[in-house]
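Novice: So the protein sequences, as listed, match chains X and A. Under UniProt numbering, think of the first position of the first sequence as 1, with each following residue one higher. Under UniProt numbering, think of the first position of the second sequence as 1, with each following residue one higher. Below are the structure tokens for one structure; questions will follow.
There are 2 protein chains.
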Amino acid sequence: MLEKRKFHSKTRRNVCIVVQLSPKQSGRIRKMGSPTATAPWKQLLLDALRSNSSLKHSSFFQLATVGSNGRPANRTVVFRGFQEGSDKIQIHTDSRSRKIEELKHNPLAEICWYFTDSWEQFRISGIVEMIDHSNPDSLKLQQREKAWHACSVKSRLQYLGPTPGLPYIGEHLTDENSLDSSTSPVDSFCLLIMDPDQVDYLNLKSNQRMTFTSTQSDSQEKCWALERINP
Amino acid sequence: MLEKRKFHSKTRRNVCIVVQLSPKQSGRIRKMGSPTATAPWKQLLLDALRSNSSLKHSSFFQLATVGSNGRPANRTVVFRGFQEGSDKIQIHTDSRSRKIEELKHNPLAEICWYFTDSWEQFRISGIVEMIDHSNPDSLKLQQREKAWHACSVKSRLQYLGPTPGLPYIGEHLTDENSLDSSTSPVDSFCLLIMDPDQVDYLNLKSNQRMTFTSTQSDSQEKCWALERINP
């Protein structure tokens, strides 16, 4: 029989957690039910990032979307951190890339993030918001500007190149000096923000698997229901 | 201006290749247009597997599918080799897993395979065939049996466990002796075979990207059109 527990955080950034526990479940899951401002899967993810930090590729994950033709699409992208004070995941992309068309058609995406050192997998599913230069919200444009300035000059130069996916017609040379540190984001720079609503966590070393499902409570706080499932 | 070349293989396993070249393109792409029985992207993939072979995780990739609700799904799976004499990719899975429902609804999938040592990415898209115990084709059942016997006993034991994704109700112990080497595949063992029709190859070291698109020619041989595109 399952127990249910409900915790409400008293902090500014509220997170409520509903834990479904079977009598045999480990202490680790119980602990995650304690009041906290951090989504419980986010803490696991931060731990995984820390324990795999020696590997450059631990900040890469695969993002799946659906094309207007119903075909799934899947590519490697770089984790650009969480949006401040939230569990929303930031990604940078080129506004001219095919994933933008796909997300306009269907904003749902699933991240698959496998940590090769700790043998942990996070499948993070949610809606992706696109913030490009035409966004009417000045606050969102500020977020985009901040993301742009957090990039290295080398990363920024990519957005000055030819349209990704179009036929190659020869080498394109970009002048590094055309982008000094004060330059505003170029039009092709787009900030993607995924708001997760489902997370599936698998640990291949301990052979444990858990799902985290978000629901919005009456008080507008985000609630996460945890359940241990068969791997 | 683009040149076009067409090559026809004289070998038993025919592959024809159409190469679209711009004058500035590298010798590497030209070479891939020479007659061969191997799909041109397959040779690149075999090279990547070889140059990343010291890493256990180089045989893992991410498989994206689409759920009946239109949501993309994405998970890490293990590469189980090519089907003999072809460019079809083999994967093993549990018939009770959610990806089976998804593939029954929409058999299209996209693999994203990132090689962490050589910085190469293969996005391989195609239709996935499911071969489970109920398959009426005796030849396909033989393929499934062969795949089962190629697995380690530890891998096979997974298929005797409780249904993946259902609530965990305590530890499930499986007797290793219940599976001796002669035992036939259990009902939950399913062989997936992806038949690729599009491959997008990206090399982050050389900053080169190519697409390979398959078309079936009149003579039923598989044709691959190559094009270099902007990364």
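Don't be surprised by glycine CBs; every beta carbon is placed ideally from N, CA and C.
What's the C-alpha gap between A:S206 and A:S118?
Specialist: For this step, residue 206 of chain A is matched to residue 206 along the second sequence. For this step, residue 118 of chain A is matched to residue 118 along the second sequence. Cα to Cα, A:S206 sits roughly 10 angstroms from A:S118.
Novice: Is DSSP giving A:I193 helix, strand or coil here?
Specialist: Within the second sequence, numbered from 1, the residue matching residue 193 of chain A stands at position 193. Three-state DSSP puts A:I193 in a strand.
Novice: Using the three-state DSSP reduction, which class does A:Q158 fall into: helix, strand or coil?
Specialist: Position 158 of the second sequence, counting from 1, holds the residue named residue 158 of chain A. Note: A:Q158 maps to helix in three-state DSSP.
Novice: Kindly indicate if chain X contains any beta-carbon less than 9 angstroms away from that of A:P40.
Specialist: Here residue 40 of chain A corresponds to residue number 40 of the second sequence, with the count starting at 1. Not an interface residue.
Novice: CB-CB under 8 angstroms to X:V78, same chain, minus the five flanking residues each way: which ones, in chain order?
Specialist: Locating residue 78 of chain X in the first sequence gives position 78, where the first residue counts as 1. Taken in chain order, the residues that qualify are S59, F60, I91, H92.
Novice: X:A147: which of X:I17, X:C190, X:A48, X:A109 sits nearest, CA to CA?
Specialist: The residue labelled residue 147 of chain X in the question sits at position 147 within the first sequence. Comparing Cα positions, the closest option is X:C190.
Novice: Taking Cβ-Cβ distances shorter than 9 angstroms, what residues in chain A pair up with X:F82?
Specialist: Residue mapping note: residue 82 of chain X aligns to position 82 of the first sequence, counting from 1. Here the premise fails: no neighbours, minimum Cβ distance about 20 angstroms.
Novice: Measure the alpha-carbon distance for A:T213 versus A:L226 and round it to whole angstroms.
Specialist: Start at 1 with the first residue of the second sequence, and residue 213 of chain A comes out as number 213. Start at 1 with the first residue of the second sequence, and residue 226 of chain A comes out as number 226. Approximately 7 angstroms, taken between the alpha carbons.
Novice: Under 8 angstroms, with one C-beta from each stretch per pair, do the segment 37 to 57 of chain X and the segment 110 to 124 of chain X reach the 3-pair mark?
Specialist: The segment 37 to 57 of chain X vs the segment 110 to 124 of chain X: in contact.
Novice: Relative to chain X, which residues along the segment 180 to 210 of chain A have a C-beta separation below 7 angstroms, given in chain order?
Specialist: The segment 180 to 210 of chain A vs chain X, Cβ under 7 angstroms: nothing.
Novice: Are the CB atoms of X:L204 and X:F122 within a distance shorter than 9 angstroms?
Specialist: Locating residue 122 of chain X in the first sequence gives position 122, counting from the first residue. Locating residue 204 of chain X in the first sequence gives position 204, counting from the first residue. Cβ distance not < 9 angstroms, so X:F122 and X:L204 don't count as in contact.
Novice: Hey, X:D87 and X:A150: beta-carbon distance below 9 angstroms or not?
Specialist: In the first sequence, residue 87 of chain X corresponds to position 87, counting from 1. In the first sequence, residue 150 of chain X corresponds to position 150, counting from 1. No, they are not a contact pair.
Novice: Just to confirm the assignment, what range does the beta strand (DSSP E) spanning A:K222 have?
Specialist: By one-based count along the second sequence, residue 222 of chain A stands at place 222. Counting along the chain, the beta strand (DSSP E) containing A:K222 begins and ends at 222 to 229.
Novice: Below 7 angstroms on C-beta distance, what does A:N106 contact in chain X?
Specialist: Start at 1 with the first residue of the second sequence, and residue 106 of chain A comes out as number 106. Per Cβ cutoff of 7 angstroms: G70.
Novice: So, using beta-carbon positions, are X:P231 and A:G161 closer together than 9 angstroms?
Specialist: What you label residue 231 of chain X is simply residue 231 of the first sequence in a count that begins at 1. What you label residue 161 of chain A is simply residue 161 of the second sequence in a count that begins at 1. Yes.
Novice: Can A:K143 and A:Q83 be called in contact, C-beta distance under 9 angstroms?
Specialist: For the purposes of this step, residue 143 of chain A is identified with residue 143 of the second sequence, where counting begins at 1. For the purposes of this step, residue 83 of chain A is identified with residue 83 of the second sequence, where counting begins at 1. The sequence shown places Gln at residue 143 of chain A, rather than the Lys named in the question. Contact: yes.
Novice: What does the alpha-carbon distance come out to for the pair X:S181 and X:P107?
Specialist: For the purposes of this step, residue 181 of chain X is taken as residue 181 along the first sequence, with counting starting at 1. For the purposes of this step, residue 107 of chain X is taken as residue 107 along the first sequence, with counting starting at 1. C-alpha separation (whole angstroms): 32 angstroms.
Novice: Helix, strand or coil for residue 277 of chain A? Go by DSSP, reduced to three states.
Specialist: Residue numbering for chain A in the displayed model covers 1 to 231; residue 277 of chain A lies beyond these limits and cannot be assessed.
Novice: Give a yes or no on whether the C-beta atoms belonging to X:H133 and X:L139 are separated by under 9 angstroms.
Specialist: If you number the first sequence from 1, residue 133 of chain X lands on position 133. If you number the first sequence from 1, residue 139 of chain X lands on position 139. It is not a contact, given that the beta carbons lie outside the stated cut-off.
Novice: Any C-beta of chain A sitting closer than 9 angstroms to the C-beta of X:Y168?
Specialist: As a first step, residue 168 of chain X is located in the first sequence; it is residue number 168 there, counting from the start. Taking Cβ atoms only, chain A reaches closer than 9 angstroms to X:Y168, which makes this a yes.
Novice: Whole beta strand (DSSP E) runs in the segment 102 to 136 of chain A with 3 or more residues, listed along the chain?
Specialist: 108 to 115, 120 to 131, all fully within the segment 102 to 136 of chain A.
Novice: So, for A:N74: in the same chain, excluding its five sequence neighbours on each side, which residues have a beta-carbon less than 6 angstroms away from its beta-carbon?
Specialist: For the purposes of this step, residue 74 of chain A is taken as residue 74 along the second sequence, with counting starting at 1. Once the five neighbours on either side are set aside, the close Cβ partners of A:N74 are Q62, A64.
Novice: Name the one or two DSSP bridge partners that X:F60 has.
Specialist: Along the first sequence, one-based indexing puts residue 60 of chain X at 60. X:V78, per the DSSP bridge assignment.
Novice: Going by DSSP, what residue range makes up the alpha helix (DSSP H) through A:H92?
Specialist: Indexing the second sequence from 1 puts residue 92 of chain A at position 92. Here A:H92 belongs to no alpha helix (DSSP H); instead the beta strand (DSSP E) covers 89 to 94.
Novice: What three-state label does DSSP hand A:S152 in the structure shown?
Specialist: As a first step, residue 152 of chain A is located in the second sequence; it is residue number 152 there, counting from the start. Coil.
Novice: So A:E227 contacts chain X; which residues on that side make the cut at Cβ distance below 9 angstroms?
Specialist: Residue 227 of chain A sits at position 227 when you count from the first residue of the second sequence. By Cβ distance, chain X contributes P167, Y168.
Novice: Suppose you measure from the CA of X:V128 to the CA of X:C223; what does that come to, to the nearest Å?
Specialist: Translated into positions along the first sequence, residue 128 of chain X becomes position 128. Translated into positions along the first sequence, residue 223 of chain X becomes position 223. X:V128 and X:C223: Cα-Cα distance of roughly 19 angstroms.
Novice: If you draw a straight line from the alpha carbon of A:I89 to that of A:G126, how long is it in whole angstroms?
Specialist: Translated into the one-based positions of the second sequence, residue 89 of chain A becomes position 89. Translated into the one-based positions of the second sequence, residue 126 of chain A becomes position 126. For A:I89 and A:G126, the distance between alpha carbons rounds to 10 angstroms.
Novice: Below 8 angstroms between beta carbons is the criterion; list the residues of the segment 101 to 132 of chain X that meet it against any residue of chain A, in chain order.
Specialist: Listed by position along the chain: N106, L108, A109, E110, I111, C112, Y114, T116, Q121, R123, S125.
Novice: Since A:N230 meets chain X, which of its residues come closer than 9 angstroms, beta carbon to beta carbon?
Specialist: Residue 230 of chain A sits at position 230 when you count from the first residue of the second sequence. Near A:N230 (Cβ distances below 9 angstroms), the residues of chain X are G161, P162, T163, P164, G165, L166, P167, Y168, I169, H172.
Novice: Check this for me: beta carbons of A:R156 and A:V186, under 9 angstroms apart or not?
Specialist: Against the second sequence, residue 156 of chain A aligns to sequence position 156. Against the second sequence, residue 186 of chain A aligns to sequence position 186. Cβ distance < 9 angstroms, so A:R156 and A:V186 count as in contact.
Novice: In chain X, which residues lie with their C-beta within 7 angstroms of the C-beta of A:H57?
Specialist: As a position in the second sequence, residue 57 of chain A is number 57, starting the count at 1. By Cβ distance, chain X contributes T116.
Novice: Taking the beta carbon of X:N94 as the centre, do at least 16 other beta carbons fall within 10 Å, making it buried, or is it exposed?
Specialist: For the purposes of this step, residue 94 of chain X is taken as the residue at position 94 of the first sequence. What sits at residue 94 of chain X in the sequence shown is Asp, not Asn. X:D94 should be labelled buried.
Novice: Could you check the C-alpha separation between A:E120 and X:P196 for me, to the nearest Å?
Specialist: Translated into the one-based positions of the second sequence, residue 120 of chain A becomes position 120. Translated into the one-based positions of the first sequence, residue 196 of chain X becomes position 196. Going from the Cα of A:E120 to the Cα of X:P196 covers about 28 angstroms.
Novice: Which value, in whole angstroms, describes the spacing of the CA atoms of X:E176 and X:R96?
Specialist: Here residue 176 of chain X is taken as the residue at index 176 of the first sequence, counted from 1. Here residue 96 of chain X is taken as the residue at index 96 of the first sequence, counted from 1. Distance between the alpha carbons of X:E176 and X:R96 is about 21 angstroms.
Novice: Please report the straight-line C-alpha distance between X:S68 and X:R98, rounded to a whole angstrom.
Specialist: For the purposes of this step, residue 68 of chain X is identified with residue 68 of the first sequence, where counting begins at 1. For the purposes of this step, residue 98 of chain X is identified with residue 98 of the first sequence, where counting begins at 1. Their Cα atoms are separated by approximately 11 angstroms.
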